[in-house]
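Here's the structure, in structure tokens; my notes come after.
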Amino acid sequence: MKVLVTGSHGMLGTDLINLLRGKNLKVIDAPHEGEFDVAYEDEVLHFILKCMPDVIINCAAFTDVDRCETESKIAYKVNALGPKNIAIAAKRCDAKIVQISTDFVFDGHSGRPYVEEDLPNPLSEYGKSKLEGERNVQNNSDMYLIVRTSWLFGRSGTNYVEKMIELAKKNKELSIVNDEIGSPTYTVDLAEALWTLIEQKYEGIFHVANEGNCSRLEWARKIFEIMDYNINIHPIDSSQYKRPAKVPLNSVLNCQKLTKVTGFRMRHWEEALSAYLNKQ
Ligand SMILES: NC(=O)c1ccc[n+]([C@@H]2O[C@H](COP(=O)([O-])OP(=O)(O)OC[C@H]3O[C@@H](n4cnc5c(N)ncnc54)[C@H](OP(=O)(O)O)[C@@H]3O)[C@@H](O)[C@H]2O)c1
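In structure tokens, the structure reads:
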């Protein structure tokens, strides 16, 4: 099987490539730098038709949620038009497209973990552009897998864990939001789940995140505990933390469908976080 990965130098893309290279597959790495910009249809078609992959995993995205508010044109080009271009090219070579999406397609008002059939209602430009990306994939492909995930951390990208460690090295006291709830997810574990879904030939929409959930504050507390940092944390609510994008307050994803159909179970986020931090 020939698998092409876009955004392959990003946080998820890097771990995915590492995983796939250990399998009996032909892996094609399509990083942003140089030859592959998902926003340009001709470029995407040319590259993909030259490789003729069986599966295309689209990890390319404009992921800076706050910048998406002020640079929404770029957000739509990368997050909405990009998946459309890839879906069109995938159809031309009979390939499956695997589109990575986000918990931010939901508004966070549900009061229970979101299942795949729940109605999206994004609050931010990032969430809206990613939802348009999902719909473009559904409308332009006969063979697709859409995987929504949340709160990613991994070794090849700037993420919340690294930001907290950086802040803790410079401060003894920190104010952290305690009313934003989600499920931190390790990109190494997400890559395993993605491969399981692909190998077992599933299609449609799936939610994939590490098990359990927490507030931003509880996440930070766990990071400091594992790192043995003594930080005095002041809880604040999200209205006290001003940022350009409006984000869902409770975007926990229900991932039971993944386990039910594949037998694959994501480990608890605390276990995944320990694995990540102990590797550093
Ligand atoms: N990070 C999270 O917390 C989170 C949560 C939920 C869902 N997701 C989704 O998970 C996926 C992977 O996220 P991630 O955190 O691994 O992202 P990331 O680290 O920001 O990586 C994204 C990659 O996409 C590339 N890219 C950007 N614009 C491109 C373009 N026009 N053409 C081709 N490549 C382009 C970037 O390259 P450059 O750096 O060179 O621009 C980068 O390598 C994305 O779909 C994201 O929306 C992420």
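Numbers given in our numbering equal positions in the sequence shown, counted from 1, plus 137.
Backbone N, C-alpha and C define an ideal beta-carbon position, used for all residues, glycine too.
Check                                                                                                                                                           : Outcome
Evaluate the contact criterion for the segment 396 to 410 versus the segment 337 to 346: three or more CB pairs, one atom per stretch, below 8 Å.               : yes
I'd like the span of the alpha helix (DSSP H) that includes Lys160, first residue to last.                                                                      : Premise fails: Lys160 is in no alpha helix (DSSP H) and is neither H nor E.
Can you tell me the Cα-Cα spacing of Asn369 and Ala176, whole angstroms?                                                                                        : 44 Å
Determine, using beta-carbon pairs with one atom in the segment 254 to 270 and one in the segment 316 to 324, whether at least three such pairs fall under 8 Å. : no
At which residue ranges does the segment 366 to 415 contain complete alpha helix (DSSP H) runs of 4 or more residues, listed in the order of the chain?         : 393 to 399, 406 to 415
Does at least one heavy atom of ligand 1 sit under 7 Å from the Cβ of Phe173?                                                                                   : yes
Is Lys221 near ligand 1, judged by its Cβ being under 7 Å from some heavy atom?                                                                                 : no
Confirm the yes/no value for this check: CB of Glu178, any heavy atom of ligand 1, distance under 7 Å.                                                          : no
Would you say Asn391 and His344 are within 8 Å of each other, going by their C-beta atoms?                                                                      : yes
Quick check: the Cα distance between Ala153 and Asp201, rounded to an integer number of angstroms?                                                              : Correcting the residue type first, residue 153 is Leu in the shown sequence and not Ala. Roughly 20 Å between the two C-alpha positions.
Do Asn350 and Val325 have their beta-carbon atoms positioned less than 8 Å apart in this structure?                                                             : no
Pop quiz: Ala226 and Leu186 are said to be a contact at Cβ under 8 Å. What is the actual Cβ separation, rounded to whole angstroms?                             : 7 Å
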